[in-house]
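Remarks on the structure that follows.
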Amino acid sequence: FDFYAEASYVNSAVQLQDESSPLKLHNSHWVKAFRLNFKVPESVEEAAPFCPSVIWDLEATPGAGSFLPGSDGLIITLLDQNPASRQVSSPTMVESEPFNWAYNGGTTLPHGSMLDDDCITLSLVSSNHAVVLDAKGYALYQNQPNPFSLHTRIEFVLPEAMEAHLAFYDVTGKLLNVVEGDYAEGLNAVKLDRQEWMGTSSVILYQLKTTDYTSGMRKMTLVNQ
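Its first residue numbered 727, the sequence shown is counted upward by one per residue in our numbering.
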């Protein structure tokens, strides 16, 4: 494809763990089926813009992408609900939206060019935590540093952009404070300064909450001076 950086080709399929409950696709909104992770060299500066491209190989024809021999490109198979049919599933027409990439009508590779339309700064997503998510795509990490005296940082992951809040409790379960906000999809962070509501507590519990999700409790330790 004549890229200016190394590219990866992924030939894979998504298989449901419970095939008795098919994944439902909607015409009105996106449905998340899987996640792409990008490995960034440590030598890249944190302030550098990060603009990864994702290209869906649709057809073996110029202007619509190109896939390797032996592949069929991007395909979605649907559950066949016709009782008279002998098929369990059948392929359907697929349209895709490339990410930071624009197809063209050229007759030779590459069938398009990279665009820097949706970029982020690496410092916004840098983390010391391994990305470990629960079944719904959420994660709440241990605050760092812990124990702390004046400042600490709490990181969490959301499956999509939404309103969320961190709730803080004392060891008896009494609600002490709530930090609310509108956060982006993926990794987010809240910097927490020592405040009056923390009192003289040495241990404070916290959890992540959204409209349809509540995480388990995590414990942070305060150093009282």
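Glycine residues also receive a C-beta, built at the ideal position from the N, C-alpha and C atoms. Since the structure is predicted, the reported quantities are computational estimates derived from the model, not experimental observations.
Per-residue burial, residue i [other beta carbons within 10 Å of its own, 16 or more giving buried]
i: Asn869; result: buried
i: Ile930; result: buried
i: Ala890; result: buried
i: Leu749; result: exposed
i: Ala759; result: exposed
i: Ile846; result: exposed
i: Phe700; result: What is shown of the chain runs 727 to 951, which leaves residue 700 out entirely.
i: Val904; result: exposed
i: Leu742; result: exposed
i: Val883; result: buried
i: Ala739; result: exposed
i: Ala865; result: buried
Nearest candidate by alpha-carbon position, reference residue i, set the options
i: Glu881; options: Ile781, Leu800, Gln933 and Asn808; result: Gln933
i: His755; options: Lys765, Ile801, Ala865 and Glu886; result: Glu886
i: Met924; options: Ser811, Asp896 and Thr940; result: Asp896
i: Ser927; options: Tyr909, Val949, Asp919 and Asp908; result: Val949
i: Phe825; options: Ser811, Tyr939, Ser815 and Gly838; result: Gly838
i: Ser746; options: Val904, Leu805, Leu884 and Val766; result: Leu805
i: Val757; options: Lys862, Tyr939, Asp844 and Val766; result: Lys862
i: Ile802; options: Thr936, Thr818, Lys945 and Leu918; result: Thr818
i: Lys935; options: Lys945, Glu906, Pro873 and Asp860; result: Glu906
i: Phe874; options: Ala910, Leu918 and Thr898; result: Leu918
Residue i versus residue j - alpha carbon distance
i: Tyr829; j: His877; result: 48 Å
i: Arg879; j: Val916; result: 6 Å
i: Met840; j: Gly942; result: 41 Å
i: Ser734; j: Ser779; result: 11 Å
i: Gly791; j: His752; result: Note on Gly791: pLDDT 48, under 50, position unreliable in the model; no value is reported.
i: Asp908; j: Leu902; result: 21 Å
i: Glu821; j: Asp842; result: 22 Å
i: Ser816; j: Arg761; result: 24 Å
i: Asp844; j: Phe776; result: 9 Å
i: Thr947; j: Pro871; result: 9 Å
i: Ile781; j: Asn763; result: 14 Å
i: Glu922; j: Leu913; result: 28 Å
One or two residues paired with residue i in a DSSP bridge
i: Asp843; result: DSSP lists no partner for Asp843.
i: Glu815; result: Position check: residue 815 holds Ser in this sequence, whereas Glu was assumed. The partner list for Ser815 (beta bridge, DSSP) reads Leu805.
i: His877; result: Asp919
i: Gly942; result: Gly942 pairs with nothing; no bridge assigned.
i: Gln933; result: Ala893
i: Thr947; result: Val929
i: Met888; result: Tyr909
i: Phe882; result: Leu866 and Asn914
i: Leu901; result: Tyr895
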